[in-house]
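In the order they appear, the protein sequences are chains A and B. If you use the working numbering, the first sequence corresponds to residues 1 to 211, in order. If you use the working numbering, the second sequence corresponds to residues 212 to 422, in order. Taking it in order: structure first as structure tokens, then the write-up.
There are 2 protein chains.
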Amino acid sequence: MRIGELSRTTGVSVPTIKFYVREGLLPAGELTSPNQASYGEAHVQRLRLVRALLDIGGLPLAAIRDVLTAVDDRDLPVHEVLGSAVNRMVPRYDREPGDTGMAEARKRVEDLVAARGWRAHPGGGAGEALAVALAALDELGHGDFAEVLDAYADAAERVARADLEYVAHHVARESVVESAVVGTVLGDAMLTALRRLAQADASDRTYGDAL
Amino acid sequence: MRIGELSRTTGVSVPTIKFYVREGLLPAGELTSPNQASYGEAHVQRLRLVRALLDIGGLPLAAIRDVLTAVDDRDLPVHEVLGSAVNRMVPRYDREPGDTGMAEARKRVEDLVAARGWRAHPGGGAGEALAVALAALDELGHGDFAEVLDAYADAAERVARADLEYVAHHVARESVVESAVVGTVLGDAMLTALRRLAQADASDRTYGDAL
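Below is the structure:
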């Protein structure tokens with residue numbers, strides 16, 4: 001198909017498609033004449049993935065490029081690619097809380113990972129993101145909120161088990177990484193939305209009748 | 212304190228502080244002379260909250276202003292304010308998947324809320340966000356991933372129970388809404404980070420030895 005049809009099919013404008021090609025997020029179309037290119041189903045799929053990572057995952061373009069590079073590398077061992085793709089999808093924060101707070105928060109993350117027996121590196125992107133959140137809670141005077149951490153870790157285990165069972169049962173080797181990327185980003189969106197719905201329910205049961 | 216000290220204490224630059232005051236995110240300082248204002252502990256606290264909502268929550272400025280308005284309104288019933296503040300913290304997506312997909316996804320969200328017996332409005336911000344994620348999964352050819360939904364809903368219930376228990380046991384009436392805002396935004400960050408750590412563990416157990 002021509003670029004106009006690709007645009008109509010995906011709802012992404014022609015200038016945006018050209019921008020993604022220049023930025024390396026979308027492979028160029030196959031040249032059919034000096035100034036005309038042809039696009040296929042793979043381009044439709046890739047464009048949708050880019051939009052999901054951008055609009056729903058809120059990933060910056062550079063992170064999307066890194067994640068797609070991992071998706072396209074068929075030679076890396078599954079576990080390694082999963083780890084690196086998933087770590088690149090952790091948000092990075094512009095500004096970190098004070099160093100004392102961060103050192104203490106990192107220690108709490110290490111302790112949590114050890115206490116849970118998780119085979120995970122607490123100093124990676126995810127551990128660091130958790131430490132930033134814990135340090136920010138302290139700075140904001142809501143450090144007590146960290147007492148929910150164990151309930152959250154239980155919930156995270158439940159979710160991760162479902163994630164991996166899905167991958168193990170449904171996903172062919174060549175699409176494991178794409179599935180992990182889609183599942184990570186859309187899974188986050190699902191989980192936070194479900195948390196809001198479950199909070200509304202719990203809040204209604206706690207405060208709805210009384211007030 | 213003067214604006215320079217407020218800036219040093221919080222790590223937010225003087226021009227940015229002035230911008231937040233103009234945008235209504237931070238109350239103006241008390242004028243001590245025609246061109247000098249004085250700021251207090253409440254300004255430090257509010258600035259930190261704005262930065263957490265911005266940097267960690269990724270909320271747009273307009274949403275932060277709405278949320279802070281709810282935080283400052285002491286007359287609204289708790290349950291109502293919680294609902295409206297929490298709903299304003301659901302991300303809105305620029306572009307929605309095709310209408311057919313969305314209609315079907317909205318139906319699935321309604322069915323889920325009904326099956327769980329959740330006292331929550333499936334057509335609100337959170338339900339809509341969940342429907343967008345489900346429709347995007349289908350569009351991307353990963354519709355099967357929605358089978359994790361029940362495990363995610365279990366996890367969300369566990370988390371929401373911990374959230375509400377924390378609020379019920381630790382939080383004074385006048386700070387319930389601020390706690391809900393902080394807990395919602397930082398809780399999301401904690402939960403997605405924990406999900407990554409638990410995924411790393413589950414992935415290592417599933418694939419780490421074999422490959």
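For every residue, glycine included, the Cβ atom is placed at its ideal position computed from N, Cα and C. Nothing here was measured: the structure is a model prediction, and the numbers come from that model.
- If you look at Thr-32 (chain A), you'll find it in the beta strand (DSSP E) that goes 30-33.
- Residues of chain A with a Cβ closer than 7 Å to the Cβ of Glu-350 (chain B) are, in chain order, Arg-48.
- Taking 8 Å as the CB threshold, Gln-36 (chain A) stays off the interface with chain B.
- Following the DSSP letters along the chain, one finds Ser-179 (chain A) inside the alpha helix (DSSP H) bounded by residues 176-203.
- Counting along the chain, the unbroken alpha helix (DSSP H) around Ser-218 (chain B) starts and ends at 214-221.
- With respect to Leu-375 (chain B), Ala-200 (chain A) sits apart: the two C-beta atoms are not nearer than 8 Å.
- Around the beta carbon of His-170 (chain A), fewer than 16 other beta carbons lie within 10 angstroms, which makes this residue exposed.
- Secondary structure of Ala-114 (chain A) (DSSP, three-state): helix.
- The Cβ of Asp-365 (chain B) sits closer than 8 Å to at least one Cβ of chain A.
- In this structure, Gly-268 (chain B) places its C-beta atom within 8 Å of the C-beta atom of Val-396 (chain B).
- Taken through DSSP and simplified to helix, strand or coil, Ala-273 (chain B) comes out as helix.
- Under the Cβ distance rule, Asp-75 (chain A) does not count among the residues neighbouring chain B, no pair being separated by less than 8 Å.
- For Ser-38 (chain A), DSSP records a beta bridge to A:Glu-30.
- Under a criterion of Cβ atoms nearer than 7 Å, the residues of chain A adjacent to Glu-368 (chain B) are, in order, Ala-198.
- When 8 Å is used as the limit between beta carbons, Ala-379 (chain B) is near these residues of chain A: Thr-206, in chain order.
- Using a Cβ-Cβ cut-off of 8 Å, Phe-145 (chain A) counts as an interface residue toward chain B, since at least one Cβ of chain B sits closer than that to its own.
- Collapsing the DSSP output to three states places Gly-141 (chain A) in coil.
- Within chain B, Val-370, Ala-373, Asp-374, Glu-376, Tyr-377, Gly-394, Gly-398, Met-401 have C-beta atoms less than 9 Å from the C-beta of Val-148 (chain A), given in sequence order.
- For Pro-60 (chain A), the closest C-alpha among the options A:Asp-73, A:Val-14, A:Leu-25 is that of A:Leu-25.
- Straight through space, the alpha carbons of Asp-66 (chain A) and Leu-53 (chain A) are spaced by roughly 12 Å.
- Going by DSSP, Leu-164 (chain A) is part of the alpha helix (DSSP H) stretching over 149-170.
- Looking only at B:Leu-260, B:Leu-217, B:Arg-262, B:Pro-226, the smallest Cα-Cα distance to Ser-249 (chain B) is reached by B:Leu-217.
- With respect to the 8 Å criterion, Met-190 (chain A) and Leu-323 (chain B) are not classified as neighbours on the basis of their beta carbons.
- Collapsing the DSSP output to three states places Arg-233 (chain B) in a helix.
- Under the three-state reduction of DSSP, Ala-146 (chain A) is assigned to helix.
- In this structure, the CA atom of Gln-45 (chain A) is about 44 Å from the CA atom of Glu-104 (chain A).
- In the same chain as Ala-153 (chain A), and ignoring 5 residues on each side of it, the C-beta atoms closer than 7 Å to its own belong to Leu-112, Arg-116, in chain order.
- Taking CB atoms only, Asp-277 (chain B) has no neighbour in chain A less than 8 Å away.
- Judged by their CB atoms, Gly-183 (chain A) and Phe-356 (chain B) are nearer to each other than the 8 Å cut-off.
- Rounded to the nearest angstrom, the Cβ distance from Arg-213 (chain B) to Gln-247 (chain B) is 7 Å, consistent with a contact under 8 Å.
- The CB of Ala-63 (chain A) never comes closer than 9 Å to any CB in chain B; the least such distance is about 13 Å.
- When the beta-carbon positions are compared, Val-387 (chain B) and Val-378 (chain B) come within less than 8 Å of each other.
- With 16 or more neighbouring CB atoms inside 10 Å of its own CB, Asp-188 (chain A) falls in the buried class.
- Ala-155 (chain A) places its beta carbon less than 8 Å from that of Ala-366 (chain B).
- At a cut-off of 8 Å between beta-carbon atoms, His-254 (chain B) makes no contact with chain A.
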